[in-house]
Amino acid sequence: MEHYSGRLKEKMLFASFTGLLYVLAGSIQLFFSLCTMMDLCNMSYFKSDIADLLFAPSDLIGSLILLLIGSIFIYGMLDLRNGSNEGIAYIYVGILISLLFAAVYVLVMTGNWMDSYLLNDPEIKGWDFVNDLRPAIYLGALPLCGYLIWKKEFGNMNK
Amino acid sequence: MADNKIRVALTGNPNVGKTTLFNVITGSKQHVGNWPGVTVEKKSGFKIYKGYEIEVIDLPGTYSLTAYSLDEVVARDFIVDEKPDVVIQIVDATNIERNLYLTTQLMELGSKMIIALNMYDLAEERGDKLNVEKMKEILAMPVVCTIASDNVGISELLDTVISEKQKDDHHAWRIGYGDEIESKILEIEKVLSQDSELASKYPLRWLAVRLLDGDENILNKISGSIIASEIKNILASLDIEEYEALMADKRYECINALFPQMCERCMTRMTTSDMIDRVMTNKYLGIPIFLALMWGAFELTFSFASPFMTIVEKIFLWLGEMAAIHIHPDWLASLLGEGIIGGVGSVFSFIPNIFILFFLLSLLEDSGYLARAAFIVDRIMYKIGLQGKSFIPMLLGFGCNVPAIMATRSIEDRMDRMATIMVLPFISCGARLPIYILFAGTFFSKNAGTVIFCIYLLGILVAVTSAKLLRTTTLKGHPAPFILELPPYRIPTIKNGIRHMWDNGSMYIKKAGTIIMGGSVVIWLLAALPWGVEYGSENSFIGIIGHSIQPLLGPLGFDWKISVSLLFGFVAKEIVVASLGVLYGVGDDHFALTDSLLADPNMHSITALSLMVFSLLYMPCIAVVGIIKKETGSWKWTAFSIAYGLIVAWLLAFVVFQGGMLLI
Chain V
63 MEHYSGRLKE
73 KMLFASFTGL
83 LYVLAGSIQL
93 FFSLCTMMDL
103 CNMSYFKSDI
113 ADLLFAPSDL
123 IGSLILLLIG
133 SIFIYGMLDL
143 RNGSNEGIAY
153 IYVGILISLL
163 FAAVYVLVMT
173 GNWMDSYLLN
183 DPEIKGWDFV
193 NDLRPAIYLG
203 ALPLCGYLIW
213 KKEFGNMNK
Chain Y
7 MADNKIRVAL
17 TGNPNVGKTT
27 LFNVITGSKQ
37 HVGNWPGVTV
47 EKKSGFKIYK
57 GYEIEVIDLP
67 GTYSLTAYSL
77 DEVVARDFIV
87 DEKPDVVIQI
97 VDATNIERNL
107 YLTTQLMELG
117 SKMIIALNMY
127 DLAEERGDKL
137 NVEKMKEILA
147 MPVVCTIASD
157 NVGISELLDT
167 VISEKQKDDH
177 HAWRIGYGDE
187 IESKILEIEK
197 VLSQDSELAS
207 KYPLRWLAVR
217 LLDGDENILN
227 KISGSIIASE
237 IKNILASLDI
247 EEYEALMADK
257 RYECINALFP
267 QMCERCMTRM
277 TTSDMIDRVM
287 TNKYLGIPIF
297 LALMWGAFEL
307 TFSFASPFMT
317 IVEKIFLWLG
327 EMAAIHIHPD
337 WLASLLGEGI
347 IGGVGSVFSF
357 IPNIFILFFL
367 LSLLEDSGYL
377 ARAAFIVDRI
387 MYKIGLQGKS
397 FIPMLLGFGC
407 NVPAIMATRS
417 IEDRMDRMAT
427 IMVLPFISCG
437 ARLPIYILFA
447 GTFFSKNAGT
457 VIFCIYLLGI
467 LVAVTSAKLL
477 RTTTLKGHPA
487 PFILELPPYR
497 IPTIKNGIRH
507 MWDNGSMYIK
517 KAGTIIMGGS
527 VVIWLLAALP
537 WGVEYGSENS
547 FIGIIGHSIQ
557 PLLGPLGFDW
567 KISVSLLFGF
577 VAKEIVVASL
587 GVLYGVGDDH
597 FALTDSLLAD
607 PNMHSITALS
617 LMVFSLLYMP
627 CIAVVGIIKK
637 ETGSWKWTAF
647 SIAYGLIVAW
657 LLAFVVFQGG
667 MLLI
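Going down the list, the sequences are from chains V and Y. For the numbering used here, count along the first sequence from 1 and bump the result up by 62. For the numbering used here, count along the second sequence from 1 and bump the result up by 6.
(1) What does the Cβ neighbour count give for residue 641 of chain Y, buried or exposed, with the cut at 16 atoms within 10 Å?
(2) With a Cβ-Cβ cutoff of 8 Å, do residue 614 of chain Y and residue 448 of chain Y count as a contact?
(3) Return the chain-ordered list of same chain residues with a C-beta closer than 6 Å to the C-beta of residue 656 of chain Y, the five sequence neighbours on each side being excluded.
(4) Return the CA-CA distance between residue 58 of chain Y and residue 31 of chain Y, expressed in angstroms with no decimal places.
(5) Below 8 Å on C-beta distance, what does residue 172 of chain V contact in chain Y?
(6) State yes or no: is the beta carbon of residue 302 of chain Y nearer than 8 Å to at least one beta carbon in chain V?
(7) Around the C-beta of residue 144 of chain V, are 16 or more other C-beta atoms found within 10 angstroms, so that it is buried, or is it exposed?
(8) Please determine if the stretch 287-306 of chain Y and the stretch 125-136 of chain V are in contact, where contact requires at least 3 C-beta pairs separated by less than 8 Å.
(9) What span of residues does the beta strand (DSSP E) with residue 514 of chain Y cover, start to end?
(10) Report yes if the C-beta distance between residue 128 of chain V and residue 198 of chain V is below 8 Å; otherwise report no.
(11) If we define contact as Cβ-Cβ less than 8 Å, is residue 496 of chain Y a contact residue for chain V?
(12) According to DSSP, is residue 608 of chain Y helix, strand or coil?
(13) Under the assumption that residue 588 of chain Y contacts residue 345 of chain Y (Cβ atoms under 8 Å), give the Cβ distance between them as a whole number of angstroms.
(14) With 8 Å as the threshold, decide whether the Cβ of residue 284 of chain Y is near any Cβ in chain V.
(15) Of all Cβ atoms in chain V, is any one closer than 8 Å to the Cβ of residue 614 of chain Y?
(16) At which residues does the beta strand (DSSP E) containing residue 58 of chain Y begin and terminate?
(17) Which value, in whole angstroms, describes the spacing of the CA atoms of residue 20 of chain Y and residue 66 of chain Y?
(18) Three or more beta-carbon pairs under 8 Å between the stretch 502-509 of chain Y and the stretch 359-373 of chain Y, yes or no?
(19) Who are the near neighbours of residue 631 of chain Y in its chain, counting only those whose CB is closer than 8 Å to its CB and skipping five residues on each side?
(20) Could you pull the start and end residues of the alpha helix (DSSP H) that residue 172 of chain Y belongs to?
(21) Roughly how many angstroms separate the alpha carbons of residue 4 of chain Y and residue 629 of chain Y, rounded to a whole number?
(22) Between residue 388 of chain Y and residue 434 of chain Y, which are expected to be in contact by the criterion C-beta below 8 Å, what is the C-beta distance as a whole number of angstroms?
(23) If we count the other Cβ atoms within 10 Å of its Cβ and call it buried at 16 or more, is residue 478 of chain Y buried or exposed?
(24) Taking Cβ positions only, does residue 163 of chain V come closer than 8 Å to chain Y?
(25) Put residue 200 of chain Y into one of helix, strand or coil per three-state DSSP.
(26) Specify, as a first and last residue, the run of the alpha helix (DSSP H) that residue 126 of chain Y falls within.
(27) Check each candidate in Y/454, Y/542, Y/182 and Y/438 and name the one with the smallest Cα separation from residue 305 of chain Y.
(28) Which chain Y residues are close to residue 130 of chain V, counting only those with a beta carbon under 8 Å from its beta carbon?
(29) Would you say residue 745 of chain Y and residue 56 of chain Y are within 8 Å of each other, going by their C-beta atoms?
(30) Helix or strand or just coil, what does DSSP make of residue 316 of chain Y?
(31) Using 8 Å as the limit for Cβ to Cβ distance, is residue 609 of chain Y near chain V?
(32) Relative to the alpha-carbon of residue 158 of chain V, which residue among V/205, V/214 and V/76 has its alpha-carbon at the smallest distance?
(33) Of all the CB atoms in chain V, is at least one closer than 8 Å to the CB of residue 316 of chain Y?
(34) Mind pulling the chain V residues with CB within less than 7 Å of residue 456 of chain Y?
(35) Chain Y partners of residue 176 of chain V, CB-CB under 7 Å?
(36) Taking only runs that begin and end inside the stretch 230-271 of chain Y, name each unbroken alpha helix (DSSP H) of 4 or more residues, in chain order.
If you want it as structure tokens, here you go:
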């Protein structure tokens, strides 16, 4: 039982940390996207120092997806904290969805790479991998670790 | 029927694997979906096995023989009227208890029955202990374990079909309904027996049970009989609704008594699938997750398909150049280069996008997620006057509106069904995708995926708003309650995904080689005639047609070329792009259609947006008009659908164009 609650604690910590990272990245990207869209403020400082650092260009839907993934993890953490084991389901689905969107962005990157290097599309001349690196890709490393660690456990949830 | 011929009906609850089993036995490639209601018509196929010619009929899924919706009527009538030699009920091994309700009704029919206990691997995987021998003994019929998707148990099933066909005795199992109901059954049976024709056609006890169950279809079947009035008098003296409920109770009592003997540890418990559902169908997270997944699908459809699209485009450009250089006389080079290669090539270059979208939708469908989507939106749909069941045809409509409109047969309530049919053409089919990709890709480059996603969302929004309008005016009424069985989540296989992608996508390749090619030739002729005029000029026939309709579409920002392309889009929506390909002379020079559009001073992002909105909503293509007429049986509703679509499209495109012009 102690071991079981220990594992739950692990998952709670994982969900809190991952969820917060996603929410943070999503919020910064959302703020940057809204400012860019509405042309509200001079973004030069913000863009070069924070958004560029996070590889988070103006992308409203991308930012909302990060927030959604973050919310799923946090929802799971709150459920576990309230004593409901259903929270594990939220962590499991959070991991799946974050990996799914990391895969979507990697495929988009692959498409652009093919366009640029194989087909020499002049529209994306000088394209580099960094151009398409998104928070959903590098943040995906955390859920991937979670998946690899708890893969078996998630698979046995019904037993 | 000859002794070596066997007619087998496949029946069962929705989404238990009937069509998969049908495909495995007959080698057919009927569409299989991981949601209920995929089969709305019966389909038949043949199998030669051990010297027997076995005709297999795949019936639409039904929960009971009390047929409520059109597809259930098809299933029930076939078993009752056509009397197949053997009826195979496919039972979902992970949900035996619910499936047994139909079993109790089928057994009353006295047909030769076999139970195919499908997906038993999934039941075992989750820890159920099925006692198949006990099941055979209790139900007094053969039970064969199958995994249709893996071709397991099929030979045993076919062997059992042959041995059942050779048996003389029919199934004689019956449920006791209690003294009061049994006496009424006997009374009705006695009256029915006076009609010898009826007695030779149907089992009388079954007829009596159905009549006491308040089955309107059965009442219609006996309406021409000499005993019809006597039966009606008996039924009028009874509270049929109460009888119906009592009889259903008795069936459930029976199931509750039998089920624990057939399956140990088959109690309800939380599975992985249930756990995932807690999140996917969460009140607050369900819809955002659905929207995010759909956006992901459209983003990939545009971005990942882009290099493949470029390759196809380059091939057709090269072909066009070759035609211009090597083919003589000039008119033939123009017909091939500007007409056929330009038109067909413009559509062909979007085939990678169409295939990728279908592949992704098929993965979502096979995983079982799309059935959840119907569940998630049910609450919203109910508020606007439709039931969640209407969302399943809408999802099918992303592929093609024709099968989507046919799928509305699973909607029991006529008003719900009519409203769904009327709004389905607003759901963006694959044929409209090339238009969006062309214009979004040309004028919105990096945000193209998001623009296309928004266009699809607009289609859904207009559909649901129109449904609300219809349900509060001409098709007034409350939506029927929606009961949807959620299939378990499954890991989608690449093989199935590719098969579905090919099934849906190959239609566009065929269309490109037939209708689109024909349309391109017609448009080329109209652009080249009368002889002597400049190709595609305002003085050509197409220019004259374009100019005559342009005043109607001018307020939306469309010039005569766009106007005439939209007109030809009535035949098939892909022709819009093919026409533009012909009119912009693709194939004759080194420029792709996108370059020609960018160079056109009349075209800019607002016009592109207005055009996408108009293409999404304006009249359905000719095939959809045909199916609307067939399914509604009314020219009035068909005409309404066309007129309503045109008006809504014009108004919204007007708002987009004029509003956009004011803002820039």
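Glycine residues also receive a C-beta, built at the ideal position from the N, C-alpha and C atoms. These numbers come from a predicted model, not from an experiment.
According to the structure data:
(1) Classification for residue 641 of chain Y: exposed.
(2) Contact: yes.
(3) Contacts found: none.
(4) One C-alpha to the other measures close to 13 Å.
(5) Chain Y residues near residue 172 of chain V: 310.
(6) True, the Cβ-Cβ gap to chain V drops below 8 Å.
(7) Exposed: under 16 other Cβ atoms inside 10 Å.
(8) Short answer: they touch.
(9) Taken as a continuous stretch (DSSP letters only), residue 514 of chain Y belongs to no beta strand (DSSP E), being part of the alpha helix (DSSP H) at 500-519.
(10) Judged by beta-carbon spacing, residue 198 of chain V lies within the 8 Å limit of residue 128 of chain V, meaning their Cβ atoms are closer than that value.
(11) The beta carbon of residue 496 of chain Y sits no closer than 8 Å to any beta carbon of chain V.
(12) Under the three-state reduction of DSSP output, residue 608 of chain Y falls in the coil class, being neither helix nor strand.
(13) Indeed, because the Cβ distance is near 6 Å, the residues count as touching under 8 Å.
(14) Yes, residue 284 of chain Y counts as interfacial toward chain V.
(15) No, no contact with chain V.
(16) It spans 58-64 - the beta strand (DSSP E) in which residue 58 of chain Y sits, taken as one unbroken run.
(17) Cα to Cα, the separation comes out at about 7 Å.
(18) Yes: the two stretches touch, three or more of their Cβ pairs being nearer than 8 Å.
(19) The residues are 625, 644, 647 and 648.
(20) Note, residue 172 of chain Y: alpha helix (DSSP H), 160-172.
(21) With chain Y running from 7 to 670 in the structure shown, residue 4 of chain Y is simply not present.
(22) In fact, because the Cβ distance is near 23 Å, the residues do not count as touching under 8 Å.
(23) It counts as exposed.
(24) Yes - at least one Cβ of chain Y is within 8 Å of the one on residue 163 of chain V.
(25) Of the three classes helix, strand and coil, the one that applies to residue 200 of chain Y here is coil, per DSSP.
(26) Residue 126 of chain Y -> alpha helix (DSSP H) spans 126-131.
(27) Selected option, being the one with the closest Cα: Y/454.
(28) Correct list: 291, 294, 295 and 298.
(29) Since the first residue of chain Y shown is 7 and the last is 670, residue 745 of chain Y is not available in this structure.
(30) Correct three-state label for residue 316 of chain Y: helix.
(31) False, the Cβ-Cβ gap to chain V never drops below 8 Å.
(32) For residue 158 of chain V, the nearest C-alpha among the options comes from V/205.
(33) Output row for residue 316 of chain Y: interface = yes.
(34) At a C-beta separation below 7 Å, residue 456 of chain Y has these neighbours in chain V: 123.
(35) Per Cβ cutoff of 7 Å: 313.
(36) Every unbroken stretch of the alpha helix (DSSP H) spanning 4 or more residues and falling wholly within the stretch 230-271 of chain Y is given here in chain order: 234-242 and 246-268.
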